[in-house]
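Have a look at the structure below before the remarks.
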Amino acid sequence: MIARAVEELARAGVTPRRLSSLYATEPVGFLAQSWFLNCVLKAETKLTPRQLLRVVQRVEKDLGRERTTPGGPRTIDIDILLYGSSVIHASGLDVPHPRMGERRFVLVPLCELEPGLRLPRSRRSVTDLLARTADRSQVQLWGGPSERDDGVGPRR
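Under this note's numbering, the residues of the sequence shown are numbered 3 to 158, in order.
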């Protein structure tokens with residue numbers, strides 16, 4: 003499903019540059035659900051942030067996402083973590099993603115791609131944020147970007 007999402011994003015004008023490995027991650031917040039698979043895609047686009055959000059939401063819908071319980075189970079969840087160095091606070095769109103600097107399931111794959119990256123308005127690198135986060139949820143390597151992207155639990 004992740005590979006299909008990347009393909010659909012590419013068809014809509016979002017050019018993939020690098021995809022992190024896949025990580026099996028335990029749910030945060032709404033705990034009565036299966037683990038998730040997470041990764042980070044570095045991409046380029048000429049779409050505006052609002053256009054990109056519409057594309058992301060369409061891809062999620064095309065892949066079976068139904069917005070029912072906030073934080074609950076879902077087939078796919080695509081977040082816009084960053085848009086260059088822009089800081090955006092608009093209806094339905096906050097970039098950088100408001101909690102990305104606190105969550106291991108974001109920071110681990112992001113560190114794989116861009117360990118020295120500093121979030122807009124931050125003095126700390128994502129590697130430093132990962133070392134300092136209070137989040138102790140499990141994030142386990144599942145596989146590389148070309149490997150299988152479905153199933154439950156971490157790769158052994």
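Positions of the beta carbon are idealized from the N, C-alpha and C atoms, including for glycine.
Between which two residues does the beta strand (DSSP E) containing residue i stretch?
i, result
"residue 17", "16 to 21"
"residue 26", "24 to 27"
"residue 45", "43 to 47"
With 16 other CB atoms within 10 Å as the buried threshold, where does residue i fall?
i, result
"residue 62", "buried"
"residue 100", "exposed"
"residue 98", "buried"
"residue 105", "buried"
"residue 133", "exposed"
"residue 58", "buried"
Which residues in the same chain have their Cβ closer than 7 Å to the Cβ of residue i, if we skip the five residues on either side of it in sequence?
i, result
"residue 151", "The predicted position of residue 151 is uncertain, since its pLDDT is 44 and thus under 50; no value can be drawn from it."
"residue 43", "8, 18, 21"
Span of the alpha helix (DSSP H) holding residue i?
i, result
"residue 55", "51 to 64"
"residue 9", "4 to 13"
Roughly how far, in whole angstroms, is the beta-carbon of residue i from the beta-carbon of residue j, given that I think they are within contact range, below 8 Å?
i, j, result
"residue 128", "residue 109", "6 Å"
So, at 8 Å on beta carbons, what are the nonlocal neighbours of residue i in its own chain, with the 5 sequence-adjacent residues on each side left out?
i, result
"residue 138", "106"
What do you reckon, is the C-beta of residue i under 7 Å from a heavy atom of the ligand FAD?
i, result
"residue 100", "Of ligands this structure carries none, so the ligand FAD is not represented either."
* To do: Please list the segments of the alpha helix (DSSP H) lying wholly inside the stretch 77 to 140, counting only runs of 4 or more residues, in order along the chain.
  => 106 to 115, 128 to 134
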